[in-house]
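A short write-up of the structure that comes next.
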Amino acid sequence: MLLTISSFVGFTALVLGLSYYLTRKKDASSSEGYFLAGRGLTGWVIAASLLLTNLSTEQMVGLNGQGYMFNMSGMGYEIGASLALIIVAFFFLPRYLKKGYATIPDFVGDRYDAATKQFVNFLFLAGYVLILLPTVLYSGAIGMGGIFDIMGTFNLSPMMAIIVVVVAIGILGCLYTVFGGLRIMAIADTLNGIGLIIGGLMVPLFALAYVGGGDILGGLSEVVKSHPEKFNAIGSATDPVPFATMFTGMFLVNLFYWGCNQTIIQRALAAKNLKEGQKGLLLAAIFKLFGPLYLIIPGIVAFHIFQDAPLKVGDMAYPMLVNKVLPFYLIGFFAAVLFGAILSSFNAALNSTSTLFMLNVYKPLIKPTATDHELVTKGKYVGIILAIFSMCVAPLIAMAPSGLFNYLQMVNGFYNVPIFTLIIFGMLNKTAPAWSAKVTLIFFMIGYGLTQLGVIKTDLHFLHILAILFAVSVVFMYITGKFWPTQNKYDDGKNLNVVDTTPWNLRVAVSVAIVLCVFGVYVLFSSLGIAA
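Numbering follows our numbering, in which position 199 of the sequence shown is assigned residue number 200; successive positions increment by one, without gaps.
What follows is the structure, encoded as structure tokens:
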């Protein structure tokens, strides 16, 4: 255990120290330097930061938990993300960079009005503070607590073990927030990304070797032959992620997440230019294709290994597998990499929440005369307060019957697709008035809430419900724009020249290759089950 803890602490300290050293001379005193890394991020840094911000224990634990309980159908979120990133690179990012937006609500304010901007900004803040931040901490506590056996090692109750890990993540998150802003986070993400590629692939390889008595391919063959149904990538209507949702609500959720979610898109908004931004998004799309290898297959292998003593909670499959198959001298390194992914997601949410509050609430509504230095200083205080609040809320989150990841996606539906509706329709239509946007948000949230709380009884998957509400909202906004058009039409053609908007010359070729690979991945995994 001492060696495990030492390697964990050593790698974590190395990443933090190197990140601080590499960014110590960069300007983080201005609001643009702190919140947007001085608009100087390159493609590889953006890709690594996107992946680490996206990848946290709600995925490592949650998706592998779905693999343990169900099958490969949960990979729709990962593979669908590759397609969404292509659309973001071609359609969303050029429009954002052309106007030099720092936050997504900035676009909403330009397209509709200031009141709609604040409405959307409030939804982002509420979603991050009440859902995203606490869930990242809670899922991180489950993963890290399981790997280190915090309960057994320190003789703690389950709740106390969660609290200990939550506080540790929260305190380190505050250090990143205080000392460096987005730039130090992006550099730390790049360093952790190297470790994540190695560590993430170690788990399924060691797990399959464990099953095959040292033979990885033999282990894979045994798992496939024993449980061919587990490799069904299409799934059924009773699975948490039915395949049909790939073309309805999941498609919308992925587009929101990668193209309109402040926590994610802030990395691309900080791009040096459009070329580097598109390169970063498409590189991330390529890496997402490998997601099922370390996000779902370990859960399936865990199902095979623990079949004689089934786990009561599927979300415990991943941490238990790590403890079971990794050599003791690698557990500390892997835990450090996983901890880095948790920190990345937590820090990204902290930074984005602080950005939304300081630039869209504090500056325009509380103190319009605030200087850059004041915005950065008080933004750090906001981040610390949010971290403390999240530490208090995180232990209170209960496990959901369908698993942590699916629960998170369902709850996020209260704000993600409603906001996406306003943004995508606002980009494609110039006549819908601001009041129709406000009505759409209210209608969407109430309608979704009534179905999820059981007031309106339906057997439809929540992703299908999101798609239906999206379609109704689009029709409503189109009608209002037709008969009551806005008098202040949004001009999306003007380039403010904040950064160079020359596109990446390889974007089309890379995108075509990604689309072909998406089909190939589905054929590969589905054929494994059929062949067996």
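We put the CB at the ideal spot given by N, CA and C, even for glycine.
Practice task
Could you please give the first and the last residue of the uninterrupted alpha helix (DSSP H) stretch that includes residue 55?
Solution key: Element bounds for residue 55: 44 to 55.
Handout entry: alpha helix (DSSP H) segment containing residue 242, residue limits
Key = Where residue 242 is concerned, there is no enclosing alpha helix (DSSP H), given that its DSSP letter is neither H nor E.
Handout entry: Per-residue DSSP class, three states only, for residue 269
Key = Look at residue 269 here: in three-state DSSP terms it is helix.
Problem - Local conformation of residue 158 per DSSP, three classes - result: When secondary structure is reduced to three states using DSSP, residue 158 falls in the coil class, being assigned neither helix nor strand.
Problem - Option nearest residue 48 by Cα separation, candidates 378, 369, 195 - result: Just measuring C-alpha positions, the residue of 378, 369, 195 sitting nearest residue 48 is 195.
Practice task
Please report how far the alpha carbon of residue 200 lies from the alpha carbon of residue 491, in whole angstroms.
Solution key: Take the alpha-carbon of residue 200 and the one of residue 491: they are about 47 Å apart.
Problem - Option nearest residue 392 by Cα separation, candidates 71, 163, 100, 306 - result: The residue with the shortest Cα to Cα distance from residue 392 is 163.
Exercise for the section: Assign residue 247 to buried or exposed, taking buried as 16 or more other Cβ atoms, counted over all protein chains shown, within 10 Å of its Cβ. Expected result: Residue 247 should be labelled buried.
Practice task
Taking only runs that begin and end inside the segment 256 to 309, name each unbroken alpha helix (DSSP H) of 4 or more residues, in chain order.
Solution key: With a minimum length of 4 residues, the continuous alpha helix (DSSP H) runs that stay inside the segment 256 to 309 are 263 to 270, 275 to 289, 292 to 296, 298 to 306.
Problem - Under 8 Å between C-beta atoms of residue 475 and residue 444 - result: Their beta carbons are not under 8 Å apart, which means residue 475 does not touch residue 444 by this criterion.
Handout entry: Given residue 358 as reference, the closest of 121, 82, 53, 52 once Cα atoms are compared
Key = Among 121, 82, 53, 52, the Cα nearest to that of residue 358 belongs to 121.
Exercise for the section: Please determine, among 14, 93, 115, the residue with the shortest C-alpha to C-alpha distance to residue 366. Expected result: The candidate whose alpha carbon is nearest that of residue 366 is 115.
Practice task
Measure the C-alpha to C-alpha separation of residue 215 and residue 282 and round it to an integer number of angstroms.
Solution key: It is roughly 37 Å from the alpha-carbon of residue 215 to the alpha-carbon of residue 282.
Handout entry: Contacts around residue 268, its chain only, beta-carbon distance under 6 Å, and the 5 residues preceding and following it disregarded
Key = Excluding positions up to five away in sequence, the list reads 47, 50, 51.
Practice task
In the DSSP assignment, find the alpha helix (DSSP H) that holds residue 144 and state where it starts and stops.
Solution key: 134 to 149 is the span of the alpha helix (DSSP H), which, as asked, contains residue 144.
Exercise for the section: Return the first residue and the last residue of the alpha helix (DSSP H) that residue 375 is part of. Expected result: Per DSSP, residue 375 belongs to the alpha helix (DSSP H) from 373 to 394.
Problem - As assigned by DSSP and simplified to three states, the class of residue 414 - result: Here residue 414 sits in coil by DSSP.
Exercise for the section: Within 10 angstroms of the Cβ of residue 478, are there 16 or more other Cβ atoms? Answer buried if so, exposed if not. Expected result: Flag for residue 478 reads buried.
Exercise for the section: Look up residue 403 in the DSSP assignment and say whether it is helix, strand or coil. Expected result: Bear in mind that the predicted position of residue 403 carries a pLDDT of just 48, short of 50, making it too unreliable to give a figure here.
Practice task
Let me know the secondary structure DSSP gives residue 213 once reduced to three states.
Solution key: Looking at residue 213 - three-state DSSP - the assignment turns out to be coil, as it is neither helix nor strand.
Exercise for the section: Kindly indicate which three-state DSSP category residue 193 falls into: helix, strand or coil? Expected result: Three-state DSSP puts residue 193 in a helix.
Practice task
Tell me whether the beta-carbon of residue 388 lies closer than 8 Å to the beta-carbon of residue 128.
Solution key: No, Cβ-Cβ distance for residue 388 and residue 128 is not below 8 Å.
Exercise for the section: Return the chain-ordered list of same chain residues with a C-beta closer than 6 Å to the C-beta of residue 353, the five sequence neighbours on each side being excluded. Expected result: Only residues of its own chain outside the window of five on either side were considered, and among them 263, 264, 267 have a CB closer than 6 Å to the CB of residue 353, listed in chain order.
Problem - Same chain, Cβ closer than 7 Å to residue 233, five either side skipped, listed in chain order - result: Within the same chain, residue 233 has close Cβ partners 72, 73, 74, 527, 530.
Handout entry: Stretch pair the segment 78 to 89 + the segment 315 to 332: three plus CB contacts closer than 8 Å
Key = The answer is no - the segment 315 to 332 does not touch the segment 78 to 89, with fewer than three Cβ pairs under 8 Å.
Problem - Cα-Cα separation, residue 231 to residue 301 - result: So the alpha carbons of these two residues sit roughly 7 Å apart.
Handout entry: Burial state of residue 1, where buried means 16 or more other Cβ atoms lie within 10 Å
Key = There is no way to answer for residue 1, as the model of the chain reaches only from 2 to 533.
Problem - Best match in 448, 450, 422 for proximity to residue 437 [C-alpha to C-alpha] - result: Cα-wise, what sits closest to residue 437 is 422.
Exercise for the section: Count the other C-beta atoms from every protein chain shown that fall within 10 angstroms of the C-beta of residue 386, then say buried if there are 16 or more, exposed otherwise. Expected result: Counting the other Cβ atoms within 10 Å of the Cβ of residue 386 gives fewer than 16, which makes it exposed.
Exercise for the section: Mind the definition here: the segment 146 to 154 touches the segment 370 to 378 only if three or more C-beta pairs lie below 8 Å; say whether that holds. Expected result: No, the segment 146 to 154 does not touch the segment 370 to 378.
Problem - Of the residues 54, 45, 17, 525, the one placed nearest residue 290, counting alpha carbons only - result: Measuring from the Cα of residue 290, the nearest candidate turns out to be 525.
Exercise for the section: Would you identify the three-state DSSP class for residue 114, choosing helix, strand or coil? Expected result: It is coil, neither helix nor strand.
Exercise for the section: Please check the pair residue 505 and residue 276, which I expect to be a contact at CB under 8 Å, by giving their CB distance rounded to whole angstroms. Expected result: About 5 Å separates the two Cβ atoms, so the contact holds.
Exercise for the section: Let me know if residue 118 comes out buried or exposed under the rule of 16 or more other beta-carbons within 10 Å of its beta-carbon. Expected result: Under this definition residue 118 is a buried residue.
Exercise for the section: Helix, strand or coil for residue 234, going by three-state DSSP, please let me know. Expected result: Reduced to three states, the DSSP call for residue 234 is coil.
Exercise for the section: Pick helix, strand or coil for residue 433, following the three-state DSSP scheme. Expected result: Three-state DSSP puts residue 433 in coil, outside helix and strand.
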